[in-house]
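Asks:
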Amino acid sequence: MRVQAVNKKGFSLIEVLVALAIIGGVLLSVLVIRNRSLKQAFAARNLGRATLIARQLMVEAELDPELRLGKEGGIPKENSALSWEREVSEVVLDDIGKFKRIEVKVKYPAATKEQVLRIVMFSSLREEDGESEKKSE
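All residue numbers for the sequence shown refer to the numbering used here, where the first residue is 171 and numbers rise by one.
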């Protein structure tokens, strides 16, 4: 009995299928990672915008001497996906005095659900503010 040497040129069907399965798995994982990074980039961009809006509202509230107590809110012109709310209240501490409590909330869409950025600041009321309130009473 003679054994002939078979000269193989090419790949068998099983080898090709295994190679395709490996390539498919790698491509699928790359797409999943890309999708996750896009969601995180979207959330980070919206968090950055929400932070800028919250800081702007906080500075406006701090610098406005005629800021009224109560709530107000709206949607920024720059990004309609965000909404904000600002609440100004007066806090009286017996030992220290009167303070303005300014709370700003900005709602923004994140990767999976809506998130809320909340900033609270206390600002002392100026002497003139307290005197003008006493005069008006």
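Backbone N, C-alpha and C fix where the C-beta goes; we use that ideal spot for every residue, glycine too.
Is it true that the CB of R238 sits closer than 8 Å to the CB of V258?
Replies: Residue 258 sits at position 88 when you count from the first residue of the sequence shown. Residue 238 sits at position 68 when you count from the first residue of the sequence shown. Yes, these two residues count as a Cβ contact at 8 Å.
Asks: Using alpha carbons as the reference points, say which of F292, E273 and K241 lies closest to I266.
Replies: Sequence index remark: in the sequence shown, residue 266 carries index 96 (1-based). Of the candidates F292, E273 and K241, the one whose C-alpha sits nearest the C-alpha of I266 is F292.
Asks: Here's a check: name, in chain order, each residue in its chain whose Cβ is nearer than 6 Å to the Cβ of K275, leaving out the five neighbours to either side.
Replies: The count along the sequence shown starts at 1 and reaches residue 275 at position 105. Cβ within range, chain order: E255, V286 and R288.
Asks: Let me make sure I understand the geometry here. Which of L233, M228, P235 and E236 has the alpha-carbon closest to that of G243?
Replies: In the sequence shown, residue 243 corresponds to position 73, counting from 1. Relative to the Cα of G243, the nearest Cα in the group L233, M228, P235 and E236 belongs to M228.
Asks: Tell me, please, which residues DSSP counts as bridged to V276.
Replies: As a working note, residue 276 is residue 106 in the sequence shown. Its beta-bridge partners are W254 and L287.
Asks: Can you give the Cα-Cα distance for Q226 and I193, rounded to whole angstroms?
Replies: On the sequence shown, residue 226 is found 56 positions in, with the first residue counted as 1. On the sequence shown, residue 193 is found 23 positions in, with the first residue counted as 1. Each residue's Cα considered, the two are about 50 Å apart.
Asks: By Cβ distance, which residues of its chain are closer than 8 Å to G218, with the 5 residues on each side in sequence left out?
Replies: In the sequence shown, residue 218 corresponds to position 48, counting from 1. Taken in chain order, the list of residues that qualify is empty.
Asks: Within its chain, find whatever has a CB closer than 6 Å to the CB of V290; leave out the 5 residues flanking it on each side and keep chain order.
Replies: Taking the first residue of the sequence shown as 1, we reach residue 290 at position 120. So the list reads E273, once near-sequence residues are dropped.
Asks: Find the nearest neighbour of S294 within the set L263, G195, I203 and E284, judged by alpha-carbon distance.
Replies: Numbered from its first residue, the sequence shown carries residue 294 at position 124. Out of L263, G195, I203 and E284, L263 has the C-alpha closest to the C-alpha of S294.
Asks: When DSSP labels each residue in this structure, what does G218 get in the three-state scheme?
Replies: Against the sequence shown, residue 218 aligns to sequence position 48. Three-state result, G218: helix.
Asks: From A281 to Q210, what distance separates their C-alpha atoms?
Replies: In the sequence shown, residue 281 corresponds to position 111, counting from 1. In the sequence shown, residue 210 corresponds to position 40, counting from 1. Spanning the two alpha carbons is a distance of roughly 6 Å.
Asks: What is the DSSP secondary structure of G180, counted as helix, strand or coil?
Replies: Residue 180 sits at position 10 when you count from the first residue of the sequence shown. In the three-state reduction of the DSSP assignment, G180 falls in the coil class, being assigned neither a helical nor a strand state.
Asks: To the nearest angstrom, how far is the alpha carbon of R204 from that of G195?
Replies: Taking the first residue of the sequence shown as position 1, residue 204 is located at position 34. Taking the first residue of the sequence shown as position 1, residue 195 is located at position 25. Roughly 14 Å between the two C-alpha positions.
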